[in-house]
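See structure below.
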Amino acid sequence: MDTIKIVGSQNKTTWSQVHVFEPEGEKLKTHGKLVAALAFKTKAENLEVSSFGVELINRLQEIYYSNEAEGILRKLTQSLETLTAEFLDKIELEVVAGVVWRKEKEYLYLARNNKGQAYLKRGGQLSKIFKTEEGVQGLCGEIMAGDRVAIGTSSFFKIVGEDGLKPMINEEINQLRESLGALVHGHEHNSLAAAVAVEIGSTQEVKERQSETPVEAEIWLKKIKAWLSRKIKRQGLSVKIRPELKTRKPATTAAVILLIVFGMSLFLAGKKKQASRQEQERQLVIEEVRYKYNEAHDLLNLNPLRAKSLLLDSQAKLQAYREKSKKELGGELEELRAKIEADLGLVQREYVVESAQEWFDFNLVEEGIKVSDWEMEKDRVWGWDGNQKILVELNLKTKASRIITEKGKIDEGELVGLAEERGFVVGKGTIWVIRVKDGKLIDEIEAQEWKRVVDSIGFGGNLYLLDKDEQGQVWKYLELESGLSSKRNYLKAEKLDLSQAVSMAIDGSVWVLFSDGTIVKYTQGVKTGFSVVGLDKNFEEPIKIFTSEETKNLYVLDRKQTRIVVLSKTGEYQGQYIWPGMAGIKDFVVDEEMKKILLLAGQKVFAIELR
């Protein structure tokens, strides 16, 4: 795969660049080769564009190659969404990226975050790939030997124009750099222009090239044969062997001995050369691994995700070297391996809890209470016993508790919500609105064409319901003095498949967790970019997500792997807490001020300390 890069001239507020990266080993198989054209305008004052641009490229590579979503296109589109969202307050970013990936055949995956374009040259035809000028889009297709693809920012294609792209059809790839580069560099306003052109070579496997010169052994063998021939002739032996002649044993014996001596010399010389080559290879591995380890060690606290990526790369390099050499590492390599494992233990932030603290027992409120759902509002939770139909309150600071509604006051219910001075119990066909102060029932609202409500959250005095369906919705009920308004759509898209949604959390944005571990963020009803990066193992049975206005991070309960995973609100992995007892947990909340994860197990609440 041959590439050319064309980049405009940056200034104090605008920047553009091209990035091409081909990983080694397993990452090449799972993620392919990455090419991207990026450009931005600054929003923040005093932003140093050159260093920020380098950070942006590193971040793109880091996010993409740590994304474990299923499918290349999904990895790529999620990565662009995450990158855009992460720097939204600092820059106006435009990025078009492609991945060349091979599995029997070669495929090209393309995505853009808004603007930008790509063109494909096949045969004598040149075709635009993205059919619209703007809009988030991702697509893929098979590519063939001789294809050329140009990926660039909107500014690049505006400067070059379709006529300027025509040399892509006939010119050599290096000539193309000159012709397109001249158009860009000759334009006054080119600081946002960036493009990369890729030419696909033969898809046939490249055979190992045979040496055109004789190998060293063959040269020595010819020399030995020539010397022996001269030696034998001097001793009066005929080169042609005749059976009737007596064998000259002394001469023959001498020849054999000399042949053995030369053979041994050649063998030892070869061994010495091989040992020298192996030592050179070992030193190269030591230098590369040491460099990456030192960089990772310095980033352990500053950038844990980048540090983890470097450590894993170093670990993979050592493993590949050990398998190739078929020897134990030993010496300095073994020391580096031990250091890498130690730092990975720190950066992975995996905390195994042998025994969680029994923090509260609902039997203290009333004998036999088993809370099946609860919700947190600042320093208190409301819990609902779905069997006895009892609503209870627990103060998280003092552990003071009380019964809000006695048995029989609410005749059905599955979920509970809490928002400021009001609480809610949600049944299959009814919502009960309850005043927090005295437990008085304020309103009773009949269900309005719900499909299957699986979660309820109170926020800002309003109630939100997650309706799980192929054409699902998050229903929003506004706070009224008399109770609640009629339902309205929170999500603004016309069709949304929420059939695999399992849980919801709200901190101003709405976070929806799906059964495959996908987390989707909606702000003012519109989907915004978010993807999880840096997670070592994919979710297997995610059942609950938690966050709040007061909470810095996102927390996801993965019941099958008995863990709670901590993520930043930009998607980076922060750590995980593992406790076998999580297999029986029904719900959980987190109080970061108290530094506790509180786990609901029916009658009892268990606590794990945050680190």
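Following this note's numbering, the numbering of the sequence shown begins with 44 at its first residue and continues without gaps. Yeah, the Cβ is synthetic: ideal placement off N, Cα and C, and Gly gets one too.
{"Item": "Considering Cα atoms alone, identify which of Asp132, Asn157, Lys647 is closest to Lys174.", "Value": "Asn157"}
{"Item": "Since Phe631 sits in a beta bridge, which residues does DSSP pair it with?", "Value": "Leu642"}
{"Item": "Among Arg531, Leu372, Gly374, His230, whose alpha-carbon lies nearest the alpha-carbon of Gln516?", "Value": "Arg531"}
{"Item": "Assess contact between the region 500 to 518 and the region 462 to 476, defined as three or more Cβ pairs (one per stretch) separated by less than 8 Å. Is contact present?", "Value": "yes"}
{"Item": "Taking contact to mean 3 or more Cβ pairs, one atom from each stretch, closer than 8 Å, check whether the region 340 to 353 and the region 390 to 409 are in contact.", "Value": "yes"}
{"Item": "Threshold first: 4 residues or longer. Then list the alpha helix (DSSP H) segments lying entirely within the region 49 to 74, N to C.", "Value": "69 to 74"}
{"Item": "Have a look at Asp386, His228, Val479, Thr605 and flag the residue whose alpha-carbon is nearest the alpha-carbon of Lys48.", "Value": "His228"}
{"Item": "Can you grab the Cα-Cα spacing for the pair Asp428 / Gln604, in whole Å?", "Value": "27 Å"}
{"Item": "Going by DSSP, what residue range makes up the beta strand (DSSP E) through Tyr364?", "Value": "No beta strand (DSSP E) holds Tyr364; the alpha helix (DSSP H) holding it covers 347 to 368."}
{"Item": "Quick one: using the 10 Å Cβ neighbour count with 16 as the cut-off for buried, is Pro585 buried or exposed?", "Value": "buried"}
{"Item": "With respect to the beta strand (DSSP E) encompassing Thr448, which residues constitute its N-terminal and C-terminal limits?", "Value": "444 to 448"}
{"Item": "Nearest-angstrom Cα distance between Glu124 and Arg445?", "Value": "45 Å"}
{"Item": "Rank Leu302, Gly577, Gln617 by C-alpha distance to the C-alpha of Gln104 and give the top, closest one.", "Value": "Gly577"}
{"Item": "Around the Cβ of Pro623, are there at least 16 other Cβ atoms within 10 angstroms (buried) or fewer (exposed)?", "Value": "exposed"}
{"Item": "Going by the DSSP bridge assignment, what does Phe649 pair with across the sheet?", "Value": "Glu401, Leu642"}
{"Item": "By Cβ distance, which residues of its chain are closer than 7 Å to Leu643, with the 5 residues on each side in sequence left out?", "Value": "Val414, Trp417, Ile628, Lys629, Asp630, Phe631"}
{"Item": "Return the CA-CA distance between Ile106 and Gly373, expressed in angstroms with no decimal places.", "Value": "34 Å"}
{"Item": "So is Asn54 buried or exposed if we call it buried at 16+ other beta carbons inside 10 Å?", "Value": "exposed"}
{"Item": "If you drop the 5 nearest sequence neighbours on each side, which residues of the same chain put their C-beta closer than 6 Å to that of Thr590?", "Value": "Ala548, Asp550, Leu597"}
{"Item": "Give the straight-line distance between the Cα atoms of Val459 and Arg606, rounded to the nearest whole angstrom.", "Value": "24 Å"}
{"Item": "According to DSSP, what are the bridge partners of Arg606?", "Value": "Asp601, Ile621"}
{"Item": "Report yes if the CB atom of Leu90 is closer than 7 Å to the CB atom of Cys183, and no otherwise.", "Value": "no"}
{"Item": "What residue ranges within the region 509 to 544 form continuous alpha helix (DSSP H) runs of no fewer than 4 residues, ordered along the chain?", "Value": "none"}
{"Item": "Using the Cα positions of Gln247 and Ile186, report the straight-line distance between them to the nearest angstrom.", "Value": "Because Gln247 carries a pLDDT of 42, less than 50, the predicted location of this residue cannot be relied on, and no value is offered for it."}
{"Item": "Would you mind sorting Gln321 into buried or exposed? The rule is 16 or more other CB atoms within 10 Å of its CB.", "Value": "exposed"}
{"Item": "How should Ile303 be labelled, buried or exposed, when 16 other C-beta atoms within 10 angstroms of its C-beta is the threshold for buried?", "Value": "exposed"}
{"Item": "Should Met44 go down as buried or exposed, given a rule of 16 or more other Cβ atoms within 10 Å for buried?", "Value": "exposed"}
{"Item": "Three or more C-beta pairs under 8 Å: does that hold for the region 564 to 571 against the region 532 to 539?", "Value": "yes"}
{"Item": "Among Tyr334, Ile329, Gln431, whose alpha-carbon lies nearest the alpha-carbon of Glu410?", "Value": "Gln431"}
{"Item": "Taking 7 Å as the threshold (C-beta atoms), are Ile329 and Gln358 in contact?", "Value": "no"}
{"Item": "Would DSSP call Ser44 helix, strand or coil?", "Value": "It should be noted that the sequence gives Met, not Ser, for residue 44. Residue state, collapsed to three classes: coil."}
{"Item": "Considering only their Cβ atoms, is the gap separating Glu635 from Thr571 smaller than 7 Å?", "Value": "no"}
{"Item": "What does the Cβ neighbour count give for Ser529, buried or exposed, with the cut at 16 atoms within 10 Å?", "Value": "exposed"}
{"Item": "Please identify the residue among Glu522, Val239, Glu455, Ile412 whose C-alpha is closest to the C-alpha of Glu436.", "Value": "Ile412"}
{"Item": "Quick one: measure Cβ to Cβ for Leu208 and Tyr150, integer angstroms, because I've assumed they're closer than 8 Å.", "Value": "Going by Cβ atoms, the distance from Leu208 to Tyr150 rounds to 23 Å, so no, they are not a contact pair."}
{"Item": "Measure the C-alpha to C-alpha separation of Thr73 and Phe64 and round it to an integer number of angstroms.", "Value": "14 Å"}
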